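This report refers to the structure that appears directly beneath it.
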Amino acid sequence: MAVTSPTKIVVIGSGLMGSALARAFAVAGHEVAVWNRTPGKAKNVGGGTLAFENLIEAVSGRELVVVSLSNYAACSELFSSEGVSSALAGKTLVQLTSGSPADAREALTWATANGVDYLDAAILAYPSFVATDYATVFYAGSRSVFDRHLETLQAIAKNSVYVDEKIGSAATLDCAILGSYYGSSLALLHAAAMCKAEGLDPKTFFSHKNSFLGLISVTADAAQGMIDRNDFSGDQCSLNTHVAAIEHIVRLSRDASISARFPNELLDNYKRAISAGLGGQELPAVFRTLMQD
Ligand code: NAP
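For the sequence shown, the numbering used here begins at 488 and goes up steadily by one.
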């Protein structure tokens with residue numbers, strides 16, 4: 488259903504994500520301008536969006552500026568072009584480009600100096616998930632700026648989550664979730680490789696994925712409590728015993744002539760905790776050595 492009071496939005500960047508965001512705002516009934524460095528891509532966004540070749544004209548008269556570029560360096564370069572920062576003054580800029588917390592802090596400094604209201608955001612979705620229940624967007628910055636635009640922003644993700652006033656908090660949470668995602672993905676691909684190399688159909692492993700996901704979930708809950716209490720003692724399974732299990736994974740990988748880089752990296756991290764005297768504690772004790780350089 489179209490919104491009752493459309494917002495004038497410009498989406499800067501018509502890559503895979505920027506195009507999906509622009510179309511989602513337009514489908515929700517907002518007035519959407521699009522701009523892209525390579526103008527042909529902006530024209531192809533479609534969905535009722537209006538393509539501009541001149542960035543200052545695209546920004547002019549818009550209340551909300553949504554940015555989706557490859558990285559923050561591209562944004563800095565663009566915003567330092569002549570006349571752009573004054574065209575953005577008085578508007579709200581929502582940064583949906585992925586970056587680090589330090590990128591977010593630098594962007595806030597620039598925005599504050601140029602009279603721009605700034606929200607730093609992180610989108611947890613593929614472009615095809617935008618505007619569906621599978622999309623989540625995390626926001627950091629001023630709560631009142633977020634509240635003012637929440638209804639409009641829900642066009643791209645109903646699950647629009649305010650994280651914290653600390654401007655780097657959305658990027659921090661994004662890095663935390665993505666780190667877990669990439670790490671777990673590598674683990675399960677290495678698991679499939681072990682199965683294949685040993686002549687076990689990887690489908691057998693994937694069919695038991697809930698055993699693995701259940702263990703991760705239980706470990707996350709246990710780790711949260713232990714980190715909070717700063718107490719990693721327990722009576723379930725010592726780090727010494729876990730390390731023995733990891734050694735079997737390294738051995739299988741070597742014997743089957745597949746890459747042992749991943750289990751070796753695991754072993755290195757867990758053994759480091761044992762060298763620090765934590766061998767008798769539970770698995771989440773590795774957090775202690777991870778907190779050191
Ligand atoms: P993409 O398709 O490669 O698009 C990159 C965009 O950045 C293009 O519009 C490109 O313009 C523009 N760009 C790059 N350098 C520029 C510069 N120096 N000046 C001006 N414009 C520049 O990438 P994407 O997948 O849309 O990703 C965009 C952002 O969304 C990234 O930060 C990414 O991490 C984030 N993200 C993406 C996904 C995803 O699944 N795709 C998911 C979550 C977050 P040209 O067309 O002229 O090259």
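Where a beta carbon is used, it is the ideal one built from N, C-alpha and C, also for glycine. Quantities reported herein were computed from a predicted structural model and do not represent experimental measurements.
Proximity to residue i [Cα-Cα], best of the options
| i | options | result |
| --- | --- | --- |
| Ser694 | Ser704, Leu675 and Ser631 | Leu675 |
| Pro689 | His677, Ile543 and Thr494 | His677 |
| Gly670 | Ala589, Leu565, Ile496 and Arg748 | Arg748 |
| Asn558 | Ala576, Val546, Ser587 and Leu580 | Ser587 |
| Ala574 | Gln582, Pro750 and Ser547 | Ser547 |
| Ala608 | Val632, Lys696 and Lys495 | Val632 |
| Thr706 | Leu770, Ser563 and Lys758 | Leu770 |
| Thr525 | Val514, Gly502, Glu752 and Ala513 | Gly502 |
| Val521 | Val514, Glu540 and Ala515 | Glu540 |
| Leu840 | Ala644, Val498 and Gly535 | Past the boundaries of the shown model lies residue 840; the chain is included only from 488 to 780, so the question cannot be answered. |
Alpha-carbon to alpha-carbon, residue j and residue i
| i | j | result |
| --- | --- | --- |
| Val650 | Phe625 | 6 Å |
| Phe616 | Ala710 | 30 Å |
| Met681 | Phe692 | 10 Å |
| Gly500 | Ser555 | 5 Å |
| Ala600 | Arg741 | 56 Å |
| Lys578 | Leu551 | 6 Å |
| Ser506 | Leu777 | 39 Å |
| Asp590 | Leu606 | 12 Å |
| Ala561 | Ser585 | 11 Å |
| Ala627 | Gly655 | 7 Å |
| Thr619 | Ala763 | 46 Å |
| Ser572 | Leu542 | 11 Å |
| Pro750 | Ala760 | 16 Å |
| Cys662 | Tyr613 | 16 Å |
Residue i - DSSP class collapsed to helix/strand/coil
| i | result |
| --- | --- |
| Leu583 | coil |
| Glu518 | strand |
| Phe539 | strand |
| Asp667 | Per the sequence shown, residue 667 should be read as Ser rather than Asp. Ser667: helix per DSSP, three-state reduction. |
| Asp661 | helix |
| Phe616 | helix |
| Phe719 | coil |
N- and C-terminal bounds of the alpha helix (DSSP H) containing residue i
| i | result |
| --- | --- |
| Leu575 | Val571 to Leu575 |
| Tyr559 | Tyr559 to Phe566 |
| Tyr605 | Looking at the DSSP string, Tyr605 is not in any alpha helix (DSSP H); the run it does join, the beta strand (DSSP E), is Asp604 to Leu611. |
| Ala589 | Pro588 to Ala600 |
| Ala732 | Leu726 to Asp742 |
| Lys495 | Counting along the chain, Lys495 falls outside any alpha helix (DSSP H), though it belongs to the beta strand (DSSP E) covering Lys495 to Ile499. |
| Val818 | Since the first and last residues shown for the chain are 488 and 780, residue 818 lies out of range. |
| Asp634 | Arg630 to Leu640 |
| Lys758 | Arg748 to Ala760 |
| Ala710 | Lys696 to Arg716 |
| Gly527 | Pro526 to Lys530 |
| Thr776 | Val773 to Leu777 |
According to DSSP, residues forming a beta bridge with residue i
| i | result |
| --- | --- |
| Ser647 | Val624 |
| Glu652 | Glu652 is not bridged to any residue. |
| Glu544 | Bridge partners of Glu544: none, in fact. |
| Glu769 | Ser725 |
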